[in-house]
Amino acid sequence: MKKTGIILLCFAATLANYFSSMLMEEILELPLFLDTVFTLTVTFAAGLVPGILTAALTTLAIGLWRYPFLGIYLYVLCSIAAAWLVWAFRDKIIFTFPSRRSSEFQFSVVSCVSVLVCLSVLMCLLMSVTGGLISYVNIELLQNPESSGSPETPFYWGLILNGFSVLPASILARIPVNILDRFISVFAGYGTAFAVKKFAAKNPE
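Residue numbers are given in our numbering: position 127 of the sequence shown equals residue 302, and the series is strictly consecutive.
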């Protein structure tokens, strides 16, 4: 992809991240983040640096227009960690499949799905730990209250009321949310990137 196309993709992905997150939390009120789907799309399609740029722009947009407190900007580290993990798997992720008539087609599909499942599980753990550490810093060190509407909040308070301290509660509360959130984000991000790559291949200019 050319630089202009990558930059446009980053801005489009930022808008898509912002509105998908707002849709989940404020309109549908579902316990999901879905604020990194298109960051993963950009990383799958264009690489780590564009993915990090999209992560930074998304966090900036959410911080400016939805959660205007300084602690929110620390969560860019979660998105960067997700982009880095996708990039680390770059050599194992298939975008070019054999013909459907080929005996290797089914093997390629199963291999691709297996890698995406592994990526989803690892990303769930990575982002739960990273997000939990950031939440701990916000609550204990910066004295910033976490959003009451955040998807993990009910799990967090359930753990706190059962005697967990802030740090383990902040990490563990994210796992139930991230299990589903990461599977949706990874597979949707991959599927969107697959479509973007096909479009770019057919329209090189």
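Yeah, the Cβ is synthetic: ideal placement off N, Cα and C, and Gly gets one too. All figures in this text were calculated on a predicted structure; none of them were measured in a lab.
Taking the alpha helix (DSSP H) that residue i falls in, what are its first and last residues?
{"i": "L342", "result": "341-347"}
From this set, the options, which residue's C-alpha is nearest residue i's C-alpha?
{"i": "N319", "options": "P243, M199, M302", "result": "P243"}
{"i": "Y250", "options": "S289, Y311, F358, K177", "result": "Y311"}
{"i": "T229", "options": "T328, A348, T211", "result": "T211"}
{"i": "L205", "options": "E327, G366, L190", "result": "E327"}
{"i": "T189", "options": "F213, L198, E200", "result": "F213"}
{"i": "A221", "options": "Y193, F369, A236", "result": "F369"}
If you reduce the DSSP assignment to three classes, tell me which class residue i lands in.
{"i": "G222", "result": "coil"}
{"i": "F186", "result": "helix"}
{"i": "R276", "result": "coil"}
{"i": "E204", "result": "coil"}
{"i": "P351", "result": "helix"}
{"i": "R241", "result": "coil"}
{"i": "M176", "result": "coil"}
{"i": "D356", "result": "helix"}
{"i": "T216", "result": "helix"}
{"i": "T367", "result": "helix"}
{"i": "L209", "result": "coil"}
{"i": "N192", "result": "helix"}
### Message
What ranges does the alpha helix (DSSP H) occupy inside the region 250-338, keeping only unbroken runs of at least 4 residues that lie completely in it?
### Response
251-263, 279-311, 328-336
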